[in-house]
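Heads up: the sequence shown at position 238 corresponds to 251 in this note's numbering, and the numbers run straight through without jumps.
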Amino acid sequence: LGSDNGIGVATIMSLLASDDIPHPPLEALFTIDEETGMTGAAAIRPGQLEGDILLNLDTEEETELTIGCAGGVDVTATMTVPMVDAGPDHGLEIRLRGLTGGHSGMDIHLGRGNANKLMNRLLGSVPGLQLGRLDGGGLRNASPRESTALVRVPDVDQARDQLAECFRILSSEYAATDPDLRLEVVDAERPDRALDPEFQLRLLAAIAACPSGIHRMSPDIEDLVQTSNNLARVEVKDGHLIVLCLTRSAVDSEKMAHAEEIEGVFSLLGAVVEFAGSYPGWTPRPEASIVKLMEQLYQERFGEPPTVAACHAGLECGIIGRHYPEMEMISFGPNIRGAHSPDEKVQVESVERFWGFLLETLE
């Protein structure tokens, strides 16, 4: 939406357009698809880049210098699902809205609600409910904020009461992290076909069993998430099921082991599970000269030390580093809030400070 990473692009373009900024020789690197697969970075090959220091303009806290990150892998489960003809039951549309959402890596430790998980609990709270369509979540790297289900129920009034009671419990559990959570239950034309009841029970069990959130904290770095999964999207439409996850870890072997756990859940359901877009983490090098230089400049400029740390987001440095293992890398940027959500924004005042810090680094 412009903050992540439009502000980084604008910064590089401003450097290239200027004729009075002191700097060493510059090489500008722009990559496509950073948020949805990192295919641009993955296409870089040895010998294409000449620089030996990479300033990655992609960190969301102006007080942080990022020197490492998690890797990730896309996990996708698909299958044709058994459907049955609808009976004389009533139709309802269940809409879950207003979750806080956010970045599925940087915000994963905040314990915010996952719309796919919460909708699953709502659906399971109504005996006799049959699911016709389900549309929950969106992009893999965003925590799902909403979900909509079209269902048929034997007793509308009873179903509304049961949904309301379940929602009361959810609202209480997530009052601190998702205060705007809301439920809408409206009359709708009942679906002509719905999931086979026995399969529906197995599907709800699989979604309940699918890991989502923190899997393991780092045993080496305090307060750093090491491995997680985002159950990003669950869709049932026209007799087909698709589930999208993004599994992250700073440890490649643990990343794949966690992805295989998710594969096991949906394989037992009968789905085909595929892994794609795997990318490595970025191993921290706190002793690198660019890290030491920028630490010192930050202290002198702002009167306090920066936070030098690894993060649980996916940055392109790990991919680039495979072909340029000697390249020194550091990531920094202005304050960005709500990345990967409709609330995404960048703090203007922090852009000025970030820009001045960058210019001093280049000089």
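Each residue gets a CB set at the ideal place from its N, CA and C atoms; glycine is no exception.
Beta-carbon contacts of residue i that lie in its chain and below 7 Å, excluding the five residues immediately before and after
| i | result |
| --- | --- |
| residue 52 | 45 and 46 |
| residue 307 | 78, 343 and 374 |
| residue 122 | 227 and 238 |
| residue 225 | 127, 130, 242, 243 and 244 |
| residue 57 | 333 and 336 |
| residue 103 | 165, 166, 169 and 203 |
| residue 172 | 105, 139, 142 and 166 |
| residue 331 | 82, 84, 292, 293, 294 and 295 |
| residue 209 | 95, 96 and 97 |
| residue 132 | 109, 149, 160 and 162 |
Nearest-angstrom Cα separation, counted from residue j out to residue i
| i | j | result |
| --- | --- | --- |
| residue 187 | residue 170 | 26 Å |
| residue 334 | residue 95 | 46 Å |
| residue 352 | residue 271 | 25 Å |
| residue 259 | residue 116 | 11 Å |
| residue 97 | residue 152 | 30 Å |
| residue 28 | residue 205 | 59 Å |
| residue 345 | residue 191 | 29 Å |
| residue 301 | residue 341 | 6 Å |
| residue 314 | residue 370 | 8 Å |
| residue 212 | residue 55 | 39 Å |
| residue 72 | residue 283 | 40 Å |
| residue 159 | residue 93 | 24 Å |
| residue 70 | residue 50 | 18 Å |
| residue 309 | residue 338 | 24 Å |
| residue 20 | residue 185 | 38 Å |
| residue 290 | residue 299 | 28 Å |
| residue 43 | residue 22 | 8 Å |
| residue 268 | residue 234 | 17 Å |
| residue 125 | residue 119 | 12 Å |
| residue 252 | residue 18 | 37 Å |
| residue 350 | residue 68 | 21 Å |
| residue 277 | residue 219 | 10 Å |
Backbone secondary structure at residue i - three-state DSSP
| i | result |
| --- | --- |
| residue 144 | strand |
| residue 1 | The structure shown does not extend to residue 1, since the chain is modelled only from 14 through 376, so no value can be given for it. |
| residue 26 | helix |
| residue 261 | strand |
| residue 375 | helix |
| residue 182 | helix |
| residue 72 | coil |
| residue 52 | helix |
| residue 58 | coil |
| residue 354 | coil |
| residue 248 | strand |
| residue 84 | strand |
| residue 255 | strand |
| residue 165 | strand |
| residue 172 | helix |
| residue 217 | helix |
| residue 31 | coil |
| residue 20 | helix |
| residue 229 | strand |
| residue 63 | coil |
| residue 222 | helix |
| residue 362 | helix |
| residue 41 | coil |
C-beta atoms of residue i and residue j nearer than 9 Å
| i | j | result |
| --- | --- | --- |
| residue 286 | residue 89 | yes |
| residue 261 | residue 196 | no |
| residue 198 | residue 177 | yes |
| residue 108 | residue 143 | no |
| residue 148 | residue 248 | yes |
| residue 356 | residue 114 | yes |
| residue 157 | residue 246 | yes |
| residue 146 | residue 221 | no |
| residue 279 | residue 24 | no |
| residue 316 | residue 292 | no |
| residue 36 | residue 376 | yes |
| residue 62 | residue 40 | yes |
| residue 257 | residue 150 | yes |
| residue 91 | residue 281 | no |
| residue 358 | residue 16 | yes |
| residue 194 | residue 136 | no |
Residues near residue i by beta carbon distance below 6 Å, same chain, minus five either side
| i | result |
| --- | --- |
| residue 33 | none |
| residue 348 | 75, 360 and 363 |
| residue 1 | Since the first residue shown for the chain is 14 and the last is 376, residue 1 is missing from the structure and cannot be characterised. |
| residue 138 | 175 and 179 |
| residue 250 | 146 |
| residue 60 | none |
Beta-carbon contacts of residue i that lie in its chain and below 8 Å, excluding the five residues immediately before and after
| i | result |
| --- | --- |
| residue 263 | 81, 82, 83, 84, 231, 237, 239, 240, 294, 323 and 325 |
| residue 214 | none |
| residue 312 | 318 and 319 |
| residue 99 | 143, 145, 165, 203, 204, 205, 206 and 207 |
Quick one: complete alpha helix (DSSP H) runs, 4+ long, within the region 265-317?
-> Here the runs fully enclosed are 265-282 and 302-315.
Entirely within the region 94-150 and at least 4 residues each: give me those alpha helix (DSSP H) ranges in chain order.
-> List check, alpha helix (DSSP H) in window: 128-137.
In the region 316-348, which residue ranges form an unbroken alpha helix (DSSP H) of at least 4 residues, counting only runs that do not cross its ends?
-> Fully enclosed alpha helix (DSSP H) runs of 4 or longer: 330-336.
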